[in-house]
Amino acid sequence: MADTVEKVSTTEASSSSAEAPIPAEKTESTTEKTKWGDVEDDDEEEANAVSELNSLSIKEESVLDEPEDSSIKAVTSGETPYTSASRFEDLNLSPELMKGLYVEMKFEKPSKIQAISLPMIITPPHKHLIAQAHNGSGKTTCFVLGMLSRVDPNLREPQALCICPTRELAIQNMEVLQKMGKFTGITAKLAVPESNHGVTSARRAHVCAQVVIGTPGTLKKWISFKKLGLNHLKILVFDEADHMLATDGFRDDSLRIMKDIERVNPSYQVLLFSATFNETVKDFVQRTVKDPNQLFVKREDLKLDSVKQYKVVCPKEQNKIEVIKDQIMELGDIGQTIIFVKTKVSAGKVHKALADMGYDVTSVHGNMEQEDRDKIVKEFKDCLTQVLIATDVLARGFDQQRVNLVVNYNLPTKHDTGEPDYEVYLHRVGRAGRFGRKGAVFNLLLDDRREIEVMEMIERYFEAHVKEIKSWNSEEEYKSALKEAGLLDE
DNA sequence: AGACCTG
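With full-length UniProt numbering as the guide, the letters of the first sequence map in order to residues 1 to 490.
Here you go:
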């Protein structure tokens with residue numbers, strides 16, 4: 001079985017290309033900087049990832065043409081041959097959509113994941129796709145472009161649906177869609193909770209927007225109240241798909257919506273995108289989604305090499321606050337910082353502790369009023385605030401290119417077992433160093449055997465070197481760490 | 001615990 005998987009590695013596949021794609025160099029020859037197609041842009045130095053696909057449920061494999069060395073291994077299903085799209089021109093998109101890509105998004109050519117996945121998404125028979133790719137490699141563009149390209153502009157009915165784990169992510173994806181689809185005339189609707197004075201579901205008008213992006217609860221509600229018709233839906237996207245299909249995530253809601261659509265339109269297409277798919281979830285989705293094309297990356301190749309990781313052992317909880325205060329707040333300009341905490345209560349506590357000392361920080365978590373959440377996040381995106389304290393509501397997908405530093409005030413662990421949550425760790429780290437920028441992560445640990453062990457397990461899992469800051473209150477050590485990470489001069 | 005309008 002391993003042999004057949006080896007055969008479809010994208011690097012090998014290039015030699016057997018029937019119709020050679022135009023080399024990528026041709027499109028970038030005059031530009032010093034290559035723009036990739038996404039808001040959460042590029043880690044183009046990320047290389048060497050190899051798939052750890054198991055060949056389960058793959059009946060046939062066809063050759064994939066891939067002109068470059070690829071960090072992504074693909075297995076295609078069925079007999080459809082796919083040619084990697086080295087240019088957006090290869091995709092037969094409408095002129096209006098092309099204009100959106102070039103004029104609005106200012107893209108020049110597809111990123112690696114886009115070049116491979118877009119033909120799979122767009123080419124009939126529109127097979128399902130499970131796609132894993134690095135943080136900031138351009139996943140959003142893949143599914144937004146996929147949705148836009150498959151919508152019939154003349155049919156005023158919902159045809160594409162995107163489900164996201166958080167309000168913030170739905171909003172962010174909607175912003176990308178509207179920008180990219182600006183010239184297409186395609187209509188879109190956000191399905192997220194509204195502040196209480198909104199219309200009740202029973203009175204709400206039918207959704208006739210062609211693309212709907214939202215969160216599970218609101219979508220479920222609109223569907224059950226018959227306000228969102230599924231009859232014309234042809235493409236369903238799960239952003240952060242591993243979390244959307246995890247037992248401790250949104251599995252029940254996701255499966256319910258999938259079945260509702262399948263009932264009225266069995267030939268609909270499902271796209272699953274995430275930077276992470278642990279073995280449990282991967283196994284589940286491979287059993288759930290029938291006959292999909294698949295793209296996977298090996299876990300140790302997922303970490304961002306542009307982000308340096310550090311750990312510091314603090315004798316007491318209060319010392320963590322002091323580290324933030326003395327070593328981070330007092331630093332001056334190192335760009336924006338997100339401090340991740342485990343609970344909403346600790347978000348409040350850390351916020352108050354720092355605010356009481358006179359520091360200008362903000363915080364977000366799921367218990368806040370929707371409008372306050374929107375306001376805090378917008379302020380941060382507009383760079384009006386420098387330090388944001390957040391629960392894992394922002395761990396995934398949140399794209400703010402000026403975040404250079406991530407602080408793990410608490411390490412991410414599984415709720416039930418206390419085991420490290422490797423996926424959340426990777427997603428948090430992925431908030432820093434976006435757009436290929438330098439970044440750093442400080443992990444603040446208590447002097448506790450279990451905590452130190454969790455950190456070590458994370459290091460082993462990603463085969464990452466997390467350098468220890470030996471004295472928790474040594475200014476010099478933090479400074480040299482930040483210099484090493486490229487965030488501080490001298 | 002966190003995220004999600006759970007009725």
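Glycine included, each C-beta is placed from N, C-alpha and C at the ideal position.
To which residues of the same chain is residue i closer than 6 angstroms at the C-beta, ignoring the five residues directly before and after it?
i, result
"residue 189", "207, 209, 212"
"residue 135", "275, 430"
"residue 56", "In this prediction, residue 56 has a pLDDT of 21, which is less than 50 and means its spatial position is unreliable; what the coordinates show is noted afterwards. Hits under 6 angstroms: 286."
"residue 373", "364"
"residue 143", "237, 271, 273"
"residue 313", "445, 447"
"residue 330", "none"
"residue 386", "336"
"residue 467", "310"
Taking the beta strand (DSSP E) that residue i falls in, what are its first and last residues?
i, result
"residue 443", "439–446"
"residue 154", "Run containing residue 154: none; DSSP gives neither H nor E here."
"residue 240", "Note, residue 240: premise wrong, no beta strand (DSSP E); not H, not E."
"residue 101", "That residue, residue 101, is in no beta strand (DSSP E); it is neither H nor E in DSSP."
"residue 471", "Counting along the chain, residue 471 falls outside any beta strand (DSSP E), and DSSP gives it neither H nor E."
"residue 362", "361–364"
"residue 212", "211–214"
Can you tell me whether residue i is helix, strand or coil according to DSSP?
i, result
"residue 72", "coil"
"residue 485", "coil"
"residue 108", "coil"
"residue 163", "strand"
"residue 199", "coil"
"residue 184", "coil"
"residue 93", "coil"
"residue 404", "strand"
"residue 8", "Any answer about residue 8 is weak, because its pLDDT of 26 lies below 50 and its placement is not dependable; what the coordinates show is given next. Three-state DSSP puts residue 8 in coil, outside helix and strand."
"residue 384", "coil"
"residue 296", "strand"
"residue 417", "coil"
"residue 352", "helix"
"residue 83", "strand"
"residue 290", "coil"
"residue 347", "helix"
"residue 127", "coil"
"residue 411", "coil"
"residue 133", "coil"
"residue 478", "helix"
"residue 494", "Examination of residue 494 is not possible in this model, given that the chain is present from 1 through 490 alone."
"residue 170", "helix"
"residue 390", "strand"
"residue 54", "Caution applies to residue 54, whose pLDDT of 24 falls short of 50 and renders its modelled position unreliable; the model cannot decide the point."
"residue 143", "helix"
Which same chain residues end up closer than 8 angstroms to residue i when comparing Cβ atoms and leaving out the 5 residues on each side of it in sequence?
i, result
"residue 369", "195"
"residue 220", "253, 256, 257"
"residue 262", "268"
Start and end of the alpha helix (DSSP H) containing residue i?
i, result
"residue 459", "449–462"
"residue 380", "370–381"
"residue 429", "422–429"
Apart from the five residues on each side of it in sequence, which residues of its chain come closer than 7 angstroms, Cβ to Cβ, to residue i?
i, result
"residue 244", "163, 165, 238, 250, 254"
"residue 402", "335, 336, 383"
"residue 281", "242, 245, 246"
"residue 414", "421"
Only counting runs of 3 or more residues, tell me where the beta strand (DSSP E) segments fall wholly within the region 220–288, in order along the chain.
235–239, 269–274
List in chain order: all unbroken beta strand (DSSP E) runs of 3+ residues lying wholly within the region 303–343.
307–314, 336–340
Is the region 312–322 in contact with the region 143–155, if contact means three or more CB pairs nearer than 8 angstroms?
no
Okay, do the region 108–116 and the region 245–258 touch, 3+ Cβ pairs below 8 angstroms being the bar?
no
Between the region 425–441 and the region 378–396, can you find at least three pairs of beta-carbon atoms closer than 8 angstroms?
yes
Pairs of beta-carbons, one from the region 437–454 and one from the region 297–308, closer than 8 angstroms: are there three or more?
yes
Segment contact flag, the region 278–293 with the region 445–460, C-beta cutoff 8 angstroms, min 3 pairs:
no
I want to know whether the region 275–284 touches the region 141–149 - three or more CB-CB distances under 8 angstroms.
no
Pairing CB atoms from the region 87–104 with CB atoms from the region 170–189, are three or more of them under 8 angstroms?
yes
Can you confirm whether the region 121–128 touches the region 167–180 when touching is taken to mean that 3 or more C-beta pairs between the two stretches lie within less than 8 angstroms?
no
Any contact between the region 103–110 and the region 81–95? By contact I mean 3 or more CB pairs, one from each, below 8 angstroms.
yes
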